[in-house]
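> Same order as they appear, the protein sequences are chains H and A.
The first sequence begins at 1 in my numbering and counts up by one.
The second sequence begins at 299 in my numbering and counts up by one.
Sharing a structure, written as structure tokens. Questions coming.
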Amino acid sequence: MKQLTSWMGALCLLASLVLSVEAHGPLHERLEKVAIRISEAPLDSTLYLERALLQQEHGDLEAARADLDRALVLNSTDLVIRATLASILLEIGEIDGALDLARAVIKEDPEHYSALLVEARALVLTGKTEAAIAAFDRLIANGPPPSPDLILERFRTVRIAHPTNSRRALLGLEAGIARVGPLVALLLPAIEIERKTGMTDAALRRVALLREQAGRPTPWIVLEAEILSEAGRVTEAVARAQDALRRLESDPRRASQANERLRSRAGDVKLTAQSRANCRPQFHATQTQAEESKGETP
Amino acid sequence: MTRLLLLTIGIVFSAAPLSAADTLVPFGSTWSFLDNGTNPGGTWTAISFNDLLWGSGPAELGYGDGDENTVVSFGPSSTNKYITTYFRHAFTITDPSAYDGLIAQLRVDDGARLYLNGTEVHRLNMTAGGIGNSTLATSTVDNAEETALSLAMIDPTLLVVGSNVLAIEVHQRSANSSDITMDLELIGHTPLDPITVIRGPYLQQIGQNHAIVRWRTDAFTAGRVEIGATTALGGGVFTDPTVTSEHEALVTGLTAATEYFYAVGTAAGFLAGPDADHHFKTSPLPASTDPVRLWVLGDSGTANNNAATVRNAYTSYPGSAATDLLLLLGDNAYDIGTDAEYQEALFDMYPSYLRTVSTWPTLGNHEGGTANVTGLGPYYENFTLPTAGENGGLASGTEAYYSFDHGPIHIVCLDSQWTSRSPTGAMLTWLENDLASTDREWIIAFWHHPPYTAGSHESDDPLDSSGRLFDMRENANPIIEAGGVDLVLSGHSHSYERTFLLDGHYGVSSTLTGAMLIDAGNGDPNGDGSYSKPTGGAPHAGTVYITAGSSGQTGSGPLNHPAMVTSQQLLGSVVIDVIPGQMEVRFLRSNGAVTDTFAITKSSVVGEQFIRGDSNGDGLLDISDPISTLAYLFQAGPADCLNALDANDSDSVNIADVITVLSVLFTGGTPLAAPYPNCGVDLTPGAITCDIPPCP
Numbered sequence: 001m002k003q004l005t006s007w008m009g010a011l012c013l014l015a016s017l018v019l020s021v022e023a024h025g026p027l028h029e030r031l032e033k034v035a036i037r038i039s040e041a042p043l044d045s046t047l048y049l050e051r052a053l054l055q056q057e058h059g060d061l062e063a064a065r066a067d068l069d070r071a072l073v074l075n076s077t078d079l080v081i082r083a084t085l086a087s088i089l090l091e092i093g094e095i096d097g098a099l100d101l102a103r104a105v106i107k108e109d110p111e112h113y114s115a116l117l118v119e120a121r122a123l124v125l126t127g128k129t130e131a132a133i134a135a136f137d138r139l140i141a142n143g144p145p146p147s148p149d150l151i152l153e154r155f156r157t158v159r160i161a162h163p164t165n166s167r168r169a170l171l172g173l174e175a176g177i178a179r180v181g182p183l184v185a186l187l188l189p190a191i192e193i194e195r196k197t198g199m200t201d202a203a204l205r206r207v208a209l210l211r212e213q214a215g216r217p218t219p220w221i222v223l224e225a226e227i228l229s230e231a232g233r234v235t236e237a238v239a240r241a242q243d244a245l246r247r248l249e250s251d252p253r254r255a256s257q258a259n260e261r262l263r264s265r266a267g268d269v270k271l272t273a274q275s276r277a278n279c280r281p282q283f284h285a286t287q288t289q290a291e292e293s294k295g296e297t298p
Numbered sequence: 299m300t301r302l303l304l305l306t307i308g309i310v311f312s313a314a315p316l317s318a319a320d321t322l323v324p325f326g327s328t329w330s331f332l333d334n335g336t337n338p339g340g341t342w343t344a345i346s347f348n349d350l351l352w353g354s355g356p357a358e359l360g361y362g363d364g365d366e367n368t369v370v371s372f373g374p375s376s377t378n379k380y381i382t383t384y385f386r387h388a389f390t391i392t393d394p395s396a397y398d399g400l401i402a403q404l405r406v407d408d409g410a411r412l413y414l415n416g417t418e419v420h421r422l423n424m425t426a427g428g429i430g431n432s433t434l435a436t437s438t439v440d441n442a443e444e445t446a447l448s449l450a451m452i453d454p455t456l457l458v459v460g461s462n463v464l465a466i467e468v469h470q471r472s473a474n475s476s477d478i479t480m481d482l483e484l485i486g487h488t489p490l491d492p493i494t495v496i497r498g499p500y501l502q503q504i505g506q507n508h509a510i511v512r513w514r515t516d517a518f519t520a521g522r523v524e525i526g527a528t529t530a531l532g533g534g535v536f537t538d539p540t541v542t543s544e545h546e547a548l549v550t551g552l553t554a555a556t557e558y559f560y561a562v563g564t565a566a567g568f569l570a571g572p573d574a575d576h577h578f579k580t581s582p583l584p585a586s587t588d589p590v591r592l593w594v595l596g597d598s599g600t601a602n603n604n605a606a607t608v609r610n611a612y613t614s615y616p617g618s619a620a621t622d623l624l625l626l627l628g629d630n631a632y633d634i635g636t637d638a639e640y641q642e643a644l645f646d647m648y649p650s651y652l653r654t655v656s657t658w659p660t661l662g663n664h665e666g667g668t669a670n671v672t673g674l675g676p677y678y679e680n681f682t683l684p685t686a687g688e689n690g691g692l693a694s695g696t697e698a699y700y701s702f703d704h705g706p707i708h709i710v711c712l713d714s715q716w717t718s719r720s721p722t723g724a725m726l727t728w729l730e731n732d733l734a735s736t737d738r739e740w741i742i743a744f745w746h747h748p749p750y751t752a753g754s755h756e757s758d759d760p761l762d763s764s765g766r767l768f769d770m771r772e773n774a775n776p777i778i779e780a781g782g783v784d785l786v787l788s789g790h791s792h793s794y795e796r797t798f799l800l801d802g803h804y805g806v807s808s809t810l811t812g813a814m815l816i817d818a819g820n821g822d823p824n825g826d827g828s829y830s831k832p833t834g835g836a837p838h839a840g841t842v843y844i845t846a847g848s849s850g851q852t853g854s855g856p857l858n859h860p861a862m863v864t865s866q867q868l869l870g871s872v873v874i875d876v877i878p879g880q881m882e883v884r885f886l887r888s889n890g891a892v893t894d895t896f897a898i899t900k901s902s903v904v905g906e907q908f909i910r911g912d913s914n915g916d917g918l919l920d921i922s923d924p925i926s927t928l929a930y931l932f933q934a935g936p937a938d939c940l941n942a943l944d945a946n947d948s949d950s951v952n953i954a955d956v957i958t959v960l961s962v963l964f965t966g967g968t969p970l971a972a973p974y975p976n977c978g979v980d981l982t983p984g985a986i987t988c989d990i991p992p993c994p
């Protein structure tokens with residue numbers, strides 16, 4: 001419990017302060033009330049923290065920072081204040097300051113979620129993408145089940161760091177999918193990489209995962225047809241395109257714009273594939289075998 | 299769920315203390331304490347820790363209230379008091395196996411962390427994250443709360459033979475807070491003591507062939523659910539073998555659209571049910587024509603008379619007994635969604651619905667105070683939500699946002715609080731593909747922060763709620779409308795505001811144009827007429843947006859957003875009835891009055907709408923209609939819409955139709971089949987048609 005809950009870090013406290021504020025009247029009224037309390041107890045660091053969070057809600061990051069600086073003078077050891085200041089500094093654009101503060105918090109609480117997140121994002125912004133990837137890895141590996149967004153954030157960092165290394169990006173997505181399941185938000189970028197690198201069967205396996213989840217599989221069947229067509233697997237592509245067209249005919253949404261787009265895509269696949277088949281049948285067979293072989297080798 | 303993470307569950311307990319089954323540590327016990335502002339070190343909670351140099355005295359311990367038996371120090375400065383004070387108490391147990399539950403009752407001001415033999419077992423008013431010597435409590439305890447008790451269920455297997463130690467650290471809310479309080483009672487529950495259900499049972503994820511039953515007991519036991527077609531049960535037994543106080547049983551092998559009775563308990567017997575109050579109905583099949591009733595509560599978590607009157611109004615409203623789904627639009631438990639607040643605002647407020655209907659919540663900003671994107675906190679502990687498309691829809695991978703199917707309806711829940719609202723983020727990517735992948739006729743979406751409101755929040759203000767309202771309107775709404783969503787429900791503003799049938803309004807209110815109103819009428823079947831959409835989730839065919847955050851309180855605001863048909867600063871809830879071809883939506887005030895009604899109808903070809911029996915197409919059923927039918931039959935009179943003449947829905951027009959209408963008009967005969975008495979489409983299409991539809 002301790003390990004997992006500590007990943008929540010001070011974020012929950014911050015949230016409770018911010019959010020209990022949010023629905024208790026307009027922000028300016030809340031700011032005025034906190035200002036009165038501060039005048040009554042000018043040495044209470046929590047009041048400056050509370051006002052800083054209100055200022056942050058109001059978009060006044062400099063005012064928030066000023067309040068957090070005061071809070072830190074009054075209570076220099078509080079992790080909540082320091083982690084909050086780190087995130088404000090990151091928002092302001094003082095990346096180095098944010099990084100230093102986040103790391104100081106992490107030194108005292110190695111599992112402090114928000115500080116680890118600030119560290120990872122600050123490293124991305126300073127161009128230290130390899131270190132950022134490592135920081136994301138710590139968040140993903142050691143914390144609670146990661147959000148799909150966190151896995152995507154890491155994936156995008158890998159793409160920045162290694163734009164031509166699709167394999168590494170793909171491995172990161174694979175690891176994420178292994179943790180949280182076959183989610184469309186993770187499968188789609190993986191499919192995109194696999195399409196571009198000729199890993200046809202791998203891409204098709206992922207599309208199949210989505211098709212199986214869908215009550216209405218037509219969009220995924222069209223995507224399968226397109227992938228097969230790109231790979232030169234004409235017969236399969238045409239079969240999938242025809243399947244999609246049949247389904248569209250009986251779809252209650254047959255007159256909709258979305259279905260028109262699907263119909264158009266499926267039709268394009270059919271035409272392209274048939275055109276290839278008619279013009280270069282022997283080449284097609286050779287190419288298909290080659291692509292299939294390529295697809296089996298990640 | 300993360301139930302396994304739980305060693306305890308905190309519960310509000312403001313009534314009289316529990317009767318002691320076996321009081322292991324009574325109130326007023328003598329405790330050791332460390333009150334010099336230092337941190338005693340990492341082992342201070344262990345049995346073996348030496349606290350001989352600490353102070354000692356009987357509870358109540360603390361300062362500032364004047365009722366303490368032992369006053370502890372707050373340090374040299376009254377404006378900069380020590381944040382944390384530490385307490386320990388040793389007690390002896392000869393036979394740990396004698397207990398199947400431990401209940402701690404705490405009287406603490408302001409926050410606390412409780413340990414038994416070195417294991418953390420409970421937090422009260424403390425962040426879920428790392429806590430240090432200077433970490434502040436998350437809220438203040440004052441006035442009546444100072445005498446209230448909170449309850450913690452503790453795993454009895456933590457007990458050992460011989461000396462055991464309870465340790466508790468009490469945290470101040472701020473350095474100049476006036477007081478702290480600590481007293482505690484520990485009760486041992488034995489197998490001979492009766493076991494009581496102290497939460498629920500309540501239902502989650504009722505699907506076509508499964509349901510999840512949850513309940514909480516005051517002892518640690520294995521759980522058991524039995525179901526059946528009658529209160530005699532006998533339809534199957536499902537066990538939750540985990541020895542816990544927080545029970546969760548997956549009931550499988552059910553039949554769609556079927557009523558089941560159930561009881562929960564232990565191997566020794568039932569604790570709740572079987573009786574007429576414990577039952578549920580499984581989801582219907584996609585093509586079902588059974589009516590579906592949804593009850594929608596927004597910002598209902600006030601746990602006060604307002605919420606009760608809204609609930610009572612619905613209970614008195616026709617059809618409430620046949621409620622199928624309960625949607626919670628966020629801010630379900632004020633102030634920050636603690637477990638205790640959930641107990642009062644949800645479990646104690648709506649028990650009869652929670653035990654018979656599947657509840658589907660979204661995260662509001664208030665429960666966002668104790669639950670965030672990491673998926674931990676009371677909100678996530680209290681609900682078991684789909685992450686892998688268990689009830690239809692694409693897997694989201696998170697309980698923060700999800701979708702599910704219920705008969706002809708696909709329902710999408712988004713998290714507008716903590717999850718990224720970026721168009722390239724995981725949630726909106728999932729949303730777009732989830733909507734494209736559904737085959738259901740109706741689509742409803744809900745989240746907390748409304749895209750359109752001029753109530754206690756302002757959707758024209760880019761800073762309101764840190765831009766969440768803006769983000770949802772600009773980023774989610776285009777996907778919602780392209781995905782064919784019919785209805786969007788939100789809360790946050792404590793009012794009821796309902797739009798026209800909209801499409802493409804993604805800017806501030808001043809950018810609204812007439813072209814964005816797919817239908818500028820009020821949608822009332824008895825007013826300007828229902829909104830009409832093509833069947834099958836057609837994109838950009840119009841969406842109605844409702845802000846309905848007044849189920850627990852009302853708030854101020856100009857209530858003048860131009861996209862609204864109506865804006866009301868009234869307590870109430872939303873009632874949705876879905877029948878084939880039609881969704882009817884009402885705002886039900888807390889006094890039982892309905893102050894807004896609209897409907898959306900769907901037909902495979904827009905325009906083929908008529909009123910059955912209305913032969914002359916004048917919108918009314920009266921004596922002129924059978925005369926008109928007779929003229930058609932025997933004088934070759936005109937008939938633009940034969941479907942309207944087919945009063946008995948026999949797919950032919952003959953004298954029997956005339957008799958049917960006369961029967962309705964003059965002898966109180968059975969009401970005609972749909973569409974009647976309002977415009978609608980033929981739900982049983984056949985050979986005869988409606989060439990010139992009389993309805994708009």
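Note that beta-carbon positions come from the ideal geometry of N, C-alpha and C, so glycine has one too.
Keep in mind the model is a prediction, meaning the values are calculated, not measured.
1. To the nearest angstrom, report how far apart aspartate 67(H) and asparagine 604(A) are at their CA atoms.
2. Mind checking who phenylalanine 702(A) pairs with in its DSSP beta bridge?
3. Could you name the residues of the same chain whose beta carbon sits closer than 6 Å to that of alanine 954(A), not counting the 5 residues immediately before and after it, in chain order?
4. Under the three-state reduction of DSSP, which class applies to valine 903(A): helix, strand or coil?
5. Chain A beta carbons: is any one of them nearer than 8 Å to that of proline 163(H)?
6. Tell me whether the beta-carbon of alanine 611(A) lies closer than 8 Å to the beta-carbon of serine 888(A).
7. Any Cβ of chain A within less than 8 Å of the Cβ of glycine 181(H)?
8. Who are alanine 897(A)'s beta bridge partners in DSSP?
9. List, in chain order, every chain A residue whose beta-carbon is nearer than 8 Å to that of leucine 125(H).
10. Which residue marks the beginning of the alpha helix (DSSP H) containing tyrosine 677(A), and which one marks its end?
11. Chain H beta carbons: is any one of them nearer than 8 Å to that of glycine 687(A)?
12. Do three or more CB pairs link the stretch 655 to 668 of chain A to the stretch 617 to 624 of chain A at distances below 8 Å?
13. So, helix, strand or coil for threonine 580(A), using DSSP?
14. Hey, how far is the Cα of glycine 143(H) from the Cα of leucine 223(H)?
15. Contact criterion: CB-CB distance below 8 Å. Does asparagine 75(H) meet it with respect to chain A?
16. Over the uninterrupted beta strand (DSSP E) stretch that includes threonine 197(H), give me the two end residues.
17. Does the beta-carbon distance from glycine 428(A) to histidine 112(H) come in below 8 Å?
18. Do you know offhand how far isoleucine 909(A)'s Cα is from valine 979(A)'s?
19. Alpha helix (DSSP H) containing isoleucine 177(H): first to last residue?
20. Report the neighbours of serine 432(A) on chain H: residues whose CB is nearer than 7 Å to its CB, in chain order.
21. Helix, strand or coil for glutamate 795(A) per DSSP?
22. By the criterion of Cβ-Cβ separation under 8 Å, what are the contact partners of valine 184(H) in chain A?
23. Chain A partners of leucine 210(H), CB-CB under 8 Å?
24. With a threshold of 8 Å on Cβ separation, who are the neighbours of threonine 717(A) within its own chain once the five nearest residues in sequence on each side are excluded?
25. Of the residues Leu43(H), Thr197(H) and Glu29(H), which one's Cα is nearest the Cα of leucine 54(H)?
26. With 16 other CB atoms within 10 Å as the buried threshold, where does isoleucine 452(A) fall?
27. Is the Cβ-Cβ distance between valine 608(A) and glycine 870(A) less than 8 Å?
28. Report yes if the CB atom of tryptophan 342(A) is closer than 8 Å to the CB atom of alanine 450(A), and no otherwise.
29. Using only CA atoms, which one of Gly673(A), Ser476(A) and Gly551(A) lies nearest to proline 146(H)?
30. Use the C-beta contact count for arginine 167(H): other C-beta atoms within 10 angstroms, 16 or more gives buried, fewer gives exposed.
Taking the structure as given:
1. In a straight line, the C-alpha of aspartate 67(H) is about 38 Å away from that of asparagine 604(A).
2. The partner list for phenylalanine 702(A) (beta bridge, DSSP) reads Ile709(A).
3. Cβ neighbours of alanine 954(A) within its own chain (closer than 6 Å, five residues either side excluded): Asn946.
4. In this prediction, valine 903(A) has a pLDDT of 45, which is less than 50 and means its spatial position is unreliable; what the coordinates show is noted afterwards. In the structure shown, valine 903(A) falls within a coil segment according to DSSP collapsed to helix, strand and coil.
5. It does not: the Cβ of proline 163(H) has no partner Cβ on chain A nearer than 8 Å.
6. Cβ atoms of alanine 611(A) and serine 888(A): closer than 8 Å.
7. Closer than 8 Å to some Cβ of chain A, the Cβ of glycine 181(H) qualifies, so yes.
8. DSSP lists Glu882(A) as partners of alanine 897(A).
9. Near leucine 125(H) there are no residues of chain A at all, since even the closest Cβ is about 17 Å away, more than 8 Å.
10. Here the alpha helix (DSSP H) through tyrosine 677(A) covers 676 to 680.
11. Output row for glycine 687(A): interface = yes.
12. The answer is yes - the stretch 617 to 624 of chain A touches the stretch 655 to 668 of chain A, with three or more Cβ pairs under 8 Å.
13. For threonine 580(A), the three-state secondary structure derived from DSSP is coil.
14. Answer to the nearest angstrom: the Cα atoms are 35 Å apart.
15. At least one chain A Cβ lies under 8 Å of asparagine 75(H).
16. Run containing threonine 197(H): none; DSSP gives neither H nor E here.
17. Yes, Cβ-Cβ distance for glycine 428(A) and histidine 112(H) is below 8 Å.
18. Valine 979(A) has its alpha-carbon roughly 8 Å from the corresponding atom of isoleucine 909(A).
19. Looking at the DSSP string, the run of the alpha helix (DSSP H) that includes isoleucine 177(H) is 166 to 180.
20. Near serine 432(A) (Cβ distances below 7 Å), the residues of chain H are Asn75, Thr77 and Asp78.
21. If DSSP states are grouped into helix, strand and coil, glutamate 795(A) belongs with the strands.
22. Chain A residues near valine 184(H): Leu692, Ala693, Thr727, Trp728, Asn731 and Asp732.
23. Result: Leu692, Asn731 and Ser735.
24. Here the set comprises Val671, Thr696, Ala698, Tyr699, Gly723, Ala724 and Met725.
25. When each option's Cα is compared against that of leucine 54(H), the closest is Glu29(H).
26. Isoleucine 452(A) comes out buried.
27. Yes. Within cutoff.
28. No, the Cβ-Cβ distance between tryptophan 342(A) and alanine 450(A) is not below 8 Å.
29. Per the Cα distances, Gly673(A).
30. Arginine 167(H) counts as exposed, since fewer than 16 other C-beta atoms from the protein chains shown sit within 10 angstroms of its C-beta.
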